[in-house]
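S.K.:
2 protein chains.
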Amino acid sequence: MKTRDKILHKSLELFNELGEPNVTTLLISDELEISPGNLYYHFKSKTDILTEIFGWYEREINLLLESPNSATDIEDQWFFLHLIFENIAKYRFIYKDVVNVLERYDEVKARFQKIILKKREASLKILTSLQQQGSLRANDSELAALGEQIVLTATFWLNYKLITHGELTEDMLAQGVYQVISLVAPFLDDEQREQLNELKTAYL
Amino acid sequence: MKTRDKILHKSLELFNELGEPNVTTLLISDELEISPGNLYYHFKSKTDILTEIFGWYEREINLLLESPNSATDIEDQWFFLHLIFENIAKYRFIYKDVVNVLERYDEVKARFQKIILKKREASLKILTSLQQQGSLRANDSELAALGEQIVLTATFWLNYKLITHGELTEDMLAQGVYQVISLVAPFLDDEQREQLNELKTAYL
């Protein structure tokens, strides 16, 4: 791996582990056993590093959100949600200190807000398609609140688990998926609800 | 007001405004136009200040959560939730940087987790009482997920609004109350659901 890539991967690791506000460029170069000057040759500031890593996150989540997802099967939705949660876990430093990070990185803030908006649109699209196929019963105002709730839950699930359990475990992702699907469950028909219960038994 | 109280109130104000990680004791004494030595006479560290303010928060929220709340009327629940959201807004510095703050203040962490647990119990108590009176239809596993979801939503509502809208506005509290009640709505009978719609029109 090139030094530049090493710096980025180590930074992501440290951001996730220690929280972005607690990581300095000096710590990053120390951990890589390179000189601060060498790091500075590749990146002029922590902002440059963070912005580049944010770009990775952005590309990955956009790929997911833009993938054609017209799946009506609840198991396919489960899988899709799992990929979303995996993306959140991979870049959890953004989510862990989200208010703080966005307040300090103005450029990233606008781009993160766009992603949140896209997530809400994607949720609404899936919900609307379920509604049109007759497997989901909700009026427009319920649908809007539900779409918002799904995004809020996905965004803060890891934080909620972190503050209630102290550390992240592998099955927290599956729990998050289940929690999101539970939001939709009361609006589903009996058949879909039963399928959800089976998935819960299989994955949790 | 005594200097000691002035320090506490100013600290709460600065924590809320700038985020706790960005406030130093030097900034607090500067803002109060007192010497760092004078501040040090009252508080030996920022931890002492934060712990005392956390104690205020804890007393206030416990008073709320321990108040006898057997109200079955949805308007009473709306009011109760509003008080919860007001408490969160008053001490929003805890919520804004919650993962970061709890990681750095071990003593506060355990106490905050207790509060979250109490909130979950209070939610479940209200939901169970609604279930027993026949105005809410849900099985035990739905009830548990719902109780958890209510606490998650209340805990992160302000953060969600902060990252999507940039700043807090007065009506965000009413919106938060509505969002929480929307979680319960699909499980309610028609009469209660209609009452909820009326409250929405009145408050939002």
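Chains F and R, in that order, are what the protein sequence lines are.
At position 29 of the first sequence (counting the first as 1) the number is 29 in our numbering, and the numbers step up by one without a gap.
The number in our numbering is simply the position in the second sequence, starting from 1, with 1000 added.
We treat Cβ as the ideally placed atom computed from N, Cα and C, and that holds for glycine.
None of the values given here were measured: they were computed from a predicted structure.
1) Assuming contact is defined by CB atoms lying nearer than 8 angstroms, are Tyr1095 of chain R and Thr1155 of chain R in contact in what I supplied?
2) Report all residues from its chain with a CB closer than 6 angstroms to the CB of Lys1119 of chain R; omit the five preceding and five following residues, and keep chain order.
3) Below 8 angstroms CB to CB, which residues in the same chain sit around Gln1149 of chain R once its five sequence neighbours on both sides are set aside?
4) For Leu1188 of chain R, does the three-state DSSP call read helix, strand or coil?
5) Whose Cβ in chain R lies nearer than 8 angstroms to the Cβ of Val113 of chain F?
6) Work out the CA separation of Lys1114 of chain R and Gln1132 of chain R for me, nearest whole Å.
7) From the beta carbon of Asn159 of chain F, is the nearest beta carbon of chain R less than 8 angstroms away?
8) Spatial neighbours of Ile116 of chain F within its chain, please: C-beta separation below 8 angstroms, excluding the five flanking residues on both sides.
9) Who are the Cβ neighbours of Leu124 of chain F in its own chain at under 8 angstroms, not counting the five residues just before and after it?
10) Give me the chain F residues within the contact set of Asn1062 of chain R, using Cβ-Cβ distance strictly less than 9 angstroms, ordered along the chain.
11) Can you give me the C-alpha to C-alpha distance between Arg193 of chain F and Gln1195 of chain R, rounded to a whole angstrom?
12) Under 8 angstroms, Cβ to Cβ, is there at least one residue of chain F near Ser1182 of chain R?
13) With DSSP as the reference, identify every bridge partner of Leu1136 of chain R, one or two as the case may be.
14) Does the distance from the C-beta atom of Thr1153 of chain R to that of Val1180 of chain R stay below 8 angstroms?
15) What's the gap between the Cα of Glu103 of chain F and the Cα of Pro1021 of chain R?
16) Could you pull out every residue in the same chain whose Cβ sits closer than 8 angstroms to the Cβ of Glu1075 of chain R, ignoring the five residues on either side in sequence?
17) Can you find a CB in chain F that lies within less than 8 angstroms of the CB of Val1108 of chain R?
18) Who are the neighbours of Asn1100 of chain R on chain F, taking C-beta pairs under 9 angstroms?
19) Quick one: which unbroken alpha helix (DSSP H) runs of 4-plus residues sit fully inside the stretch 1090–1154 of chain R? Chain order, please.
20) Could you list which residues in chain R have their beta carbon closer than 8 angstroms to that of Pro186 of chain F, in chain order?
21) Looking at Pro36 of chain F and Ser29 of chain F, is the spacing between their C-beta atoms short of 8 angstroms?
22) What is the rounded straight-line gap between the Cα of Asp171 of chain F and the Cα of Glu17 of chain F?
M.R.: On the basis of the coordinates in this document:
1) Note that the C-beta distance between Tyr1095 of chain R and Thr1155 of chain R is below 8 angstroms.
2) Only Val1151 meet the Cβ criterion.
3) Close CB contacts of Gln1149 of chain R within its chain, under the 8 angstroms cut and outside five residues either way in sequence, are with Leu1183 (chain order).
4) Strand.
5) Strictly speaking, residue 113 of chain F in this sequence is Gln, with Val absent from that position. In chain order: Ile1163, Thr1164.
6) So the alpha carbons of these two residues sit roughly 27 angstroms apart.
7) By this cut-off, Asn159 of chain F is an interface position.
8) Setting aside the 5 residues that flank it on each side, Ile116 of chain F is surrounded in the same chain by Val151, Thr155, each with a C-beta closer than 8 angstroms to its C-beta; the list follows chain order.
9) Only residues of its own chain outside the window of five on either side were considered, and among them Leu143, Ala144, Gly147 have a CB closer than 8 angstroms to the CB of Leu124 of chain F, listed in chain order.
10) In chain order: nothing, as chain F lies at least about 18 angstroms away.
11) Cα to Cα, Arg193 of chain F sits roughly 27 angstroms from Gln1195 of chain R.
12) So yes, Ser1182 of chain R belongs to the interface.
13) Secondary-structure assignment with DSSP links Leu1136 of chain R through a beta bridge to R:Leu1188.
14) Yes.
15) When rounded, the distance between both Cα atoms is 12 angstroms.
16) So the list reads Gln1195, Leu1199, once near-sequence residues are dropped.
17) Cβ-Cβ to chain F under 8 angstroms: no for Val1108 of chain R.
18) Under the 9 angstroms cutoff, chain F gives Gly19, Pro21, Asn22, Lys96, Asp97, Asn100.
19) Whole alpha helix (DSSP H) segments, 4+ residues: 1092–1096, 1098–1104, 1106–1132.
20) Within chain R, the residues placing a beta-carbon under 8 angstroms from that of Pro186 of chain F are Ala1138, Glu1142, Pro1186, Phe1187, ordered along the chain.
21) Yes, the Cβ-Cβ distance between Ser29 of chain F and Pro36 of chain F is below 8 angstroms.
22) When rounded, the distance between both Cα atoms is 18 angstroms.
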